[in-house]
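Trainee: Just passing along the structure, written as structure tokens.
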Amino acid sequence: MRWDAVYKSLPRLFEGALLTLELVGISVVVGLILALPLGIARASGNIWIGALPYVYIFFFRGTPLLVQLFLLYYGLSQFDSVRESAIWAGSHVQTTLDLGFHRWALDFTIPGLREPFVCAVVTMTLHTAAYIAEIIRGAIRAVPQGEIEAARALGMSYAQSMRHIILPRAARIGLPAYSNEVILMLKASALASTITLMELTGMAQTIISRNYLSTEIYFAAGLFYLLISFVLVQAFRLLERWLRVDALQGR
């Protein structure tokens, strides 16, 4: 193996790793926010409330992430109405924010789905939200019934018991599964290279196209993924220890 080539490629692989972290970080955080109402609706037991979340979850769990990525990036562009809209092309915003004591001039651009990064973030967010919603549903149903009945006996409404009793306990129960989902999304982020995004795998492919040292470069990229996974696993273990999480009982 040519270790000198690996050493020279490290700065560019590091750039790709940073983009990978940004992609995964946004996806799993926004996905968690999106999954929360979906999971609560699925755990409600009401067929009408849970019907739409069920269809959403069934679609995104039942189809490959790569297919979803291609449908969003290549499929939507086939429609003229989409290509001509701000959703695809993005929009430029110029406005003024006046708070009374100070006025700010805002000038920024909102990127559209034609940008590979935006497309990858949206697809991965929708994909992981379906899995996280099922994690939340399972965690809510795993909360001991006695605690829920105790909350009702104290006169708490459904919303109050959900906020103060059920969700905090469900968060502890579901944290180990959520950490696994984050690691899975880290590995799945390599698919973003198929839409020309220069994340870690995409950057490795670009380097290989120039020096033809596939074994060395993919080995180095694999080490980056391994290092990131190790750090994430340790971080979640510390969080579980801090919250005193028991993987089976959520205690």
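Numbered according to the UniProt record's numbering, the sequence shown spans residues 1 to 251. For each residue, glycine too, the CB sits at the ideal point set by N, CA and C.
Go to A43, then tell me how far its alpha helix (DSSP H) extends in each direction, as first and last residue.
Mentor: Unbroken alpha helix (DSSP H) run through A43: 3 to 43.
Trainee: Could you say if the segment 45 to 52 and the segment 195 to 203 meet the contact criterion of at least three C-beta pairs nearer than 8 Å?
Mentor: no
Trainee: With 16 other CB atoms within 10 Å as the buried threshold, where does A139 fall?
Mentor: buried
Trainee: When you compare only the Cα positions, how much space is there between H127 and R114?
Mentor: 19 Å
Trainee: What's the C-alpha gap between A247 and V231?
Mentor: Any reading at A247 must be qualified, since the residue scores a pLDDT of 45, below 50, and its modelled position is unreliable; no value is offered.
Trainee: Near G39, which residues of its chain fall below 6 Å by C-beta distance, leaving aside the five closest residues on each side in sequence?
Mentor: A133, I136, R137
Trainee: Counting only the same chain and skipping the five closest in sequence on each side, list residues whose C-beta sits under 7 Å from that of S27.
Mentor: V121, M124, T125, T128, M185
Trainee: Label A24 either buried or exposed according to how many other C-beta atoms from any shown protein chain fall within 10 Å of its C-beta, with 16 as the threshold for buried.
Mentor: Looking at the sequence provided, one finds Val at residue 24 rather than Ala. V24 comes out buried.
Trainee: Would you kindly work out how many angstroms separate the C-alpha atoms of P37 and L69, rounded to a whole number?
Mentor: Each residue's Cα considered, the two are about 24 Å apart.
Trainee: I need the DSSP call for N211, collapsed to helix, strand or coil.
Mentor: helix
Trainee: If distances are taken between C-alpha atoms only, which option among N211, V182, R210, Q205 comes closest to A221?
Mentor: Q205
Trainee: Closer than 8 Å is the cut-off here; do at least three beta carbon pairs connect the segment 3 to 11 with the segment 159 to 167?
Mentor: no
Trainee: What distance in whole Å lies between the Cβ atoms of A130 and Y56, which are believed to be in contact at a cut-off of 8 Å?
Mentor: Y56 to A130, Cβ: 6 Å. Contact.
Trainee: Give the list of continuous beta strand (DSSP E) stretches no shorter than 3 residues that lie fully inside the segment 109 to 182.
Mentor: none
Trainee: On the DSSP letters alone, give me the boundaries of the alpha helix (DSSP H) that Q78 sits inside.
Mentor: In this chain, Q78 is not harboured by any alpha helix (DSSP H), its DSSP state being neither H nor E.
Trainee: F224 and L19: beta carbons closer than 7 Å?
Mentor: no
Trainee: If we call anything under 7 Å between Cβ atoms a contact, is I217 one with I208?
Mentor: Yes. Within cutoff.
Trainee: May I ask you to report which of helix, strand or coil DSSP gives L238?
Mentor: helix
Trainee: On a Cα-Cα basis, can you pick out the residue from F60, K187, L197, P176 that is closest to L238?
Mentor: P176
Trainee: Can you give me the start and stop residues for the alpha helix (DSSP H) that L244 sits inside?
Mentor: Checking the sequence, you will find Arg at residue 244 rather than Leu. Note, R244: premise wrong, no alpha helix (DSSP H); not H, not E.
Trainee: To the nearest angstrom, report how far apart S214 and R2 are at their CA atoms.
Mentor: 11 Å
Trainee: Could you spell out where the alpha helix (DSSP H) holding L52 opens and where it closes?
Mentor: 47 to 62
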